[in-house]
Amino acid sequence: MIRKKRIYQLLLLPLLLLLLTPAMAQQDDDQEMRNEDLLIDKAHDRVLKLNLLRMGAVQVSYEKMRSERISNEIALGYVYRGYFKGDSFFSPDKVNADGVEVRMSQRYYTSKKYSGTPFGFFHGPVFGYRFMVFEENVFNLPERNPQDPDYRFVGRLYQNTLELAYQAGGQFKLGRNFTAEVSAILGGRLQYVLAKGANELLTDNIRGYDLVAEENSAILLDPTPQLNISVGYSF
Numbered sequence: 014m015i016r017k018k019r020i021y022q023l024l025l026l027p028l029l030l031l032l033l034t035p036a037m038a039q040q041d042d043d044q045e046m047r048n049e050d051l052l053i054d055k056a057h058d059r060v061l062k063l064n065l066l067r068m069g070a071v072q073v074s075y076e077k078m079r080s081e082r083i084s085n086e087i088a089l090g091y092v093y094r095g096y097f098k099g100d101s102f103f104s105p106d107k108v109n110a111d112g113v114e115v116r117m118s119q120r121y122y123t124s125k126k127y128s129g130t131p132f133g134f135f136h137g138p139v140f141g142y143r144f145m146v147f148e149e150n151v152f153n154l155p156e157r158n159p160q161d162p163d164y165r166f167v168g169r170l171y172q173n174t175l176e177l178a179y180q181a182g183g184q185f186k187l188g189r190n191f192t193a194e195v196s197a198i199l200g201g202r203l204q205y206v207l208a209k210g211a212n213e214l215l216t217d218n219i220r221g222y223d224l225v226a227e228e229n230s231a232i233l234l235d236p237t238p239q240l241n242i243s244v245g246y247s248f
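In terms of the working numbering, the sequence shown opens at residue 14 and continues consecutively.
In structure tokens, the structure reads:
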């Protein structure tokens, strides 16, 4: 009988350990989160900002510290203009469009002086997505009668873009709560463009190196060096 009790005790011991291990792990995770919270400056752990150099778009972003040195940022934007090959910010010909964009990034801050706040020098990956619908006859084809032998129908242009890049820069306080950020971004965009009957007009006008080109669509890769200047408010 005594031997059976010992056997039961030996069998119960691993079971108790299995039951207690998740609880202990949860306690460790909770303690780690509390320790991280103590290292974050709650008075300046978030920043709401406006991107001043986003060509053809209005973009606002929100950044929040997740640990002593790491923050996450999400940016949302409304796109009102597109740019074709050879176009610049000062180009007189405007390519009107409607679209939305979202950009997410994680930042690692290197400065010990500003530990627990989103200030100082930083670097980290960036991921983004953009969808755009362009105005009709965006390629400026001459208007012809459908009965004309030279008539060509080209549908509305749609563009989907995935962006993967890496950024480095600095964010600093201007006074008590206002902030300024300057950063450089280097990466690439994978673009899928669609317009019925556009054919060569897609690769002739859309920026990037064509990977796949068909009668109604194309896939292009566009290197995207960018400069970002933002102003914000920390709280």
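Note that CB positions come from ideal geometry on N, CA and C, so glycine has one too.
ask   = Any idea what DSSP makes of Asp217, helix, strand or coil?
value = helix
message = Measuring CB atoms only, is the segment 144 to 151 touching the segment 102 to 119, in the sense that at least three cross pairs come out at less than 8 Å?
response = yes
ask   = Nearest CA to the CA of His136: which residue from Lys107, Gly188, Arg94 and Asn85?
value = Asn85
ask   = By the 10 Å Cβ neighbour count, where 16 or more other Cβ atoms means buried, how is Gly141 classified, buried or exposed?
value = buried
Short Cβ contact (8 Å threshold) for Leu52 with Gly133 = no
ask   = Of the residues Met78, Ser243 and Ser247, which one's Cα is nearest the Cα of Asn64?
value = Ser243
request  = Quick one: using the 10 Å Cβ neighbour count with 16 as the cut-off for buried, is Lys125 buried or exposed?
outcome  = exposed
task = Look at the Cβ atom of Gly182, then the Cβ atom of Ala193, and state whether they are nearer than 8 Å.
result = no
message = Please report the straight-line C-alpha distance between Met37 and Glu176, rounded to a whole angstrom.
response = Low confidence applies to Met37: its pLDDT is 49, below 50, so where it sits in the model is not reliable, and the reading given next is rough at best. Going from the Cα of Met37 to the Cα of Glu176 covers about 41 Å.
request  = Take the Cβ of Gly168 as the centre, count every other Cβ of all protein chains shown within 10 Å, and call the residue buried at 16 or more, exposed below.
outcome  = exposed
ask   = Got a sec, what are the start and stop residues for the beta strand (DSSP E) Thr192 sits in?
value = Phe191 to Leu207
ask   = What are the uninterrupted segments assigned as beta strand (DSSP E) that are 3 or more residues long and contained completely in the segment 49 to 95, given in chain order?
value = 59 to 64, 70 to 78 and 83 to 95
Beta strand (DSSP E) runs contained entirely in the segment 87 to 146, provided each spans 3 or more residues = 108 to 122
ask   = Considering only C-alpha positions, which residue in the set Gly210, Ser104, Ser101 and Asn109 is nearest to Ala226?
value = Gly210
Rounded separation between Arg59 and Lys77 - CA only = 4 Å
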